Amino acid sequence: FGRSLRFGAFQAASILTTTGFVTADYSLWPHFSQIVLFVLMFIGGCSGSTGGGIKVIRILTMFKQGIATMKNEMHRRGVFTVRISGMAVKQELINEVAGFVILYMSLLFAVTLIVATGGYDIITSFTATLATLGNIGPGFGRIGPVFNYGFLPGYIKGTLIFVMIAGRLELVTVLVLFMPRFWKR
2 FGRSLRFGAF
12 QAASILTTTG
22 FVTADYSLWP
32 HFSQIVLFVL
42 MFIGGCSGST
52 GGGIKVIRIL
62 TMFKQGIATM
72 KNEMHRRGVF
82 TVRISGMAVK
92 QELINEVAGF
102 VILYMSLLFA
112 VTLIVATGGY
122 DIITSFTATL
132 ATLGNIGPGF
142 GRIGPVFNYG
152 FLPGYIKGTL
162 IFVMIAGRLE
172 LVTVLVLFMP
182 RFWKR
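Count the sequence shown with our numbering and you get residues 2 to 186, in order.
1) Helix, strand or coil: how does DSSP classify methionine 88 here?
2) Can you confirm whether leucine 134, when its beta carbon is compared against all beta carbons of chain B, has any partner nearer than 8 Å?
3) Can you tell which of Arg182, Pro154 and Ile123 has the C-alpha that lies nearest to the C-alpha of glycine 140?
4) Checking 8 Å against the spacing of the C-beta atoms, do aspartate 26 and proline 146 come in under that value?
5) Roughly how many angstroms lie between the CA atoms of lysine 91 and phenylalanine 148, to the nearest whole one?
6) In this structure, does DSSP put valine 83 in helix, strand or coil?
7) Can you give the Cα-Cα distance for leucine 41 and glutamate 74, rounded to whole angstroms?
8) Three-state secondary structure (DSSP) at arginine 59?
9) Among Gln12, Thr19 and Met88, which has the Cα closest to the Cα of alanine 132?
10) Rounded to whole angstroms, what is the Cα-Cα separation between phenylalanine 110 and leucine 161?
11) DSSP on phenylalanine 64, reduced to helix/strand/coil?
12) Enumerate in chain order the residues of its own chain whose CB-to-CB distance from threonine 203 is below 7 Å, with the five nearest sequence positions on each side excluded.
13) Roughly how many angstroms lie between the CA atoms of serine 107 and leucine 114, to the nearest whole one?
14) Any idea if valine 116 is buried or exposed, counting beta-carbon neighbours within 10 angstroms, 16 or more meaning buried?
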């Protein structure tokens with residue numbers, strides 16, 4: 002048990018901190034353990050860290066907004082505000098977080114389709130995209146802990162390189178460069 006706990010904790014820390022270091026072939030672990038690692042890839046680091054993923058604070062904000070929406074549906078006349086650490090979160094900030102999450106998921110879906118055009122299975126395509134978008138390193142399938150990205154064709158590698166840079170610098174920062182309004186004075 003102690004050895005399994007040590008390997009699991011190390012892999013979780015490696016994924017959350019975007020170290021990308023692997024000490025065990027987690028593709029051989031039980032499915033529940035793999036699901037936990039997969040969820041950690043999505044969540045990513047904490048606010049202010051250079052870790053990839055959606056970030057814990059954004060997940061928490063969206064979760065609390067979902068709860069407030071359900072309460073509003075049950076109690077039509079009630080006013081429910083999202084609070085984090087006891088402070089009310091402005092609706093404008095919640096909208097920005099929702100926009101980021103939608104942008105993240107849209108890019109994840111689009112790039113997964115691009116990777117899949119190379120004939121790779123959905124696990125490899127999806128986790129290759131998720132691992133590069135979150136700057137995690139290894140994924141699952143043919144991009145698993147004991148494999149690498151070397152076998153991918155150039156156009157897929159180029160796409161994943163762009164996604165990796167966008168994920169590291171935050172999506173909005175990079176994608177705004179492709180908006181014509183940004184370049185007008």
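We put the CB at the ideal spot given by N, CA and C, even for glycine.
Just so we're clear, the structure is a prediction, and the values are computed from it rather than from any experiment.
Here's the rundown:
1) What you label residue 88 is simply residue 87 of the sequence shown in a count that begins at 1. Strand, per DSSP.
2) Among the chains of the structure shown, chain B does not appear; only one protein chain is present.
3) Within the sequence shown, residue 140 is the residue found at index 139, counting from 1. Ranking the options by Cα distance to glycine 140, first place goes to Ile123.
4) If you number the sequence shown from 1, residue 26 lands on position 25. If you number the sequence shown from 1, residue 146 lands on position 145. Yes, the Cβ-Cβ distance between aspartate 26 and proline 146 is below 8 Å.
5) Here residue 91 refers to the residue found at position 90 of the sequence shown. Here residue 148 refers to the residue found at position 147 of the sequence shown. Going by the C-alpha atoms only, they are around 44 Å apart.
6) Against the sequence shown, residue 83 aligns to sequence position 82. Reduced to three states, the DSSP call for valine 83 is coil.
7) Counted from its first residue, the sequence shown places residue 41 at position 40. Counted from its first residue, the sequence shown places residue 74 at position 73. Their backbone Cα atoms lie some 31 Å apart in a straight line.
8) Position 58 of the sequence shown, counted from the first residue, corresponds to residue 59. In this structure, arginine 59 counts as helix in the three-state DSSP scheme.
9) The residue given as residue 132 occupies position 131 in the sequence shown. Here the closest residue by C-alpha is Thr19.
10) Working through the sequence shown from its first residue, we reach residue 110 at position 109. Working through the sequence shown from its first residue, we reach residue 161 at position 160. The straight-line gap from Cα to Cα measures roughly 13 Å.
11) Residue mapping note: residue 64 aligns to position 63 of the sequence shown, counting from 1. Residue state, collapsed to three classes: helix.
12) In the structure as shown, the chain begins at 2 and stops at 186. Residue 203 is therefore absent and cannot be evaluated.
13) Residue 107 sits at position 106 when you count from the first residue of the sequence shown. Residue 114 sits at position 113 when you count from the first residue of the sequence shown. Cα-Cα distance, rounded: 11 Å.
14) The sequence position of residue 116 within the sequence shown is 115, counting from 1. Flag for valine 116 reads buried.
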